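J.: Input: one structure, supplied below.
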Ligand SMILES: [Zn+2]
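Numbering (the working numbering), first residue to last: 25 to 139.
Given below as structure tokens:
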């Protein structure tokens with residue numbers, strides 16, 4: 025038996041798995057970076073220092089987004105289907121873990137529904 029026959033697919037699988045893991049780690053780090061950037065303390069300027077004390081829904085609306093409609097239909101190569109966007113605006117109350125500074129920010133949450 026030639027061991028190389030088994031070794032090659034094993035190596036390809038290992039390499040693919042490794043690339044997948046690296047991709048996941050990188051996107052996770054990028055998300056964490058973005059999150060840290062939005063929770064930067066205005067008092068001591070430390071990144072990701074803000075802990076969320078409370079969130080309050082201040083605005084909620086739903087509308088048809090035609091640009092999202094075009095993007096989605098190009099992506100899935102189907103007919104133009106209206107995309108309904110549910111947009112929620114939150115007022116977020118932060119408190120800094122380092123200097124106890126408190127501040128509020130606005131967070132926007134968008135949810136896309138294809139019908
Ligand atoms: Zn601070």
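Note that beta-carbon positions come from the ideal geometry of N, C-alpha and C, so glycine has one too.
Here the structure is a predicted model, which is why all the values come from computation and not from measurement.
Given a threshold of 16 other Cβ atoms within 10 Å of its Cβ, counted over all protein chains shown, does residue 85 qualify as buried or as exposed?
T.: Start at 1 with the first residue of the chain shown, and residue 85 comes out as number 61. By the 10 Å Cβ count, residue 85 comes out exposed.
J.: Which of the three DSSP states, helix, strand or coil, is assigned to residue 121?
T.: By 1-based counting over the chain shown, the position of residue 121 is 97. Residue state, collapsed to three classes: coil.
J.: Which residues end up in the neighbourhood of ligand 1 when you take C-beta atoms closer than 7 Å to any of its heavy atoms?
T.: In chain order, the qualifying residues are 65, 67, 68, 70, 73, 120, 122, 123 and 125.
J.: So, helix, strand or coil for residue 64, using DSSP?
T.: Taking the first residue of the chain shown as 1, we reach residue 64 at position 40. Note: residue 64 maps to coil in three-state DSSP.
J.: Assuming residue 122 and residue 70 make a contact with CB atoms under 8 Å, what is their CB distance in whole Å?
T.: For the purposes of this step, residue 122 is taken as residue 98 along the chain shown, with counting starting at 1. For the purposes of this step, residue 70 is taken as residue 46 along the chain shown, with counting starting at 1. 5 Å between Cβ atoms; contact.
J.: Could you check if residue 38 is buried or exposed, using at least 16 other CB atoms within 10 Å of its CB as the buried criterion?
T.: Mapped onto the chain shown, residue 38 falls at position 14. With fewer than 16 other Cβ atoms within 10 Å, it is exposed.
J.: On a CA-only basis, which of 88, 73 and 114 is nearest residue 57? Give me that one, please.
T.: Counted from its first residue, the chain shown places residue 57 at position 33. The residue with the shortest Cα to Cα distance from residue 57 is 73.
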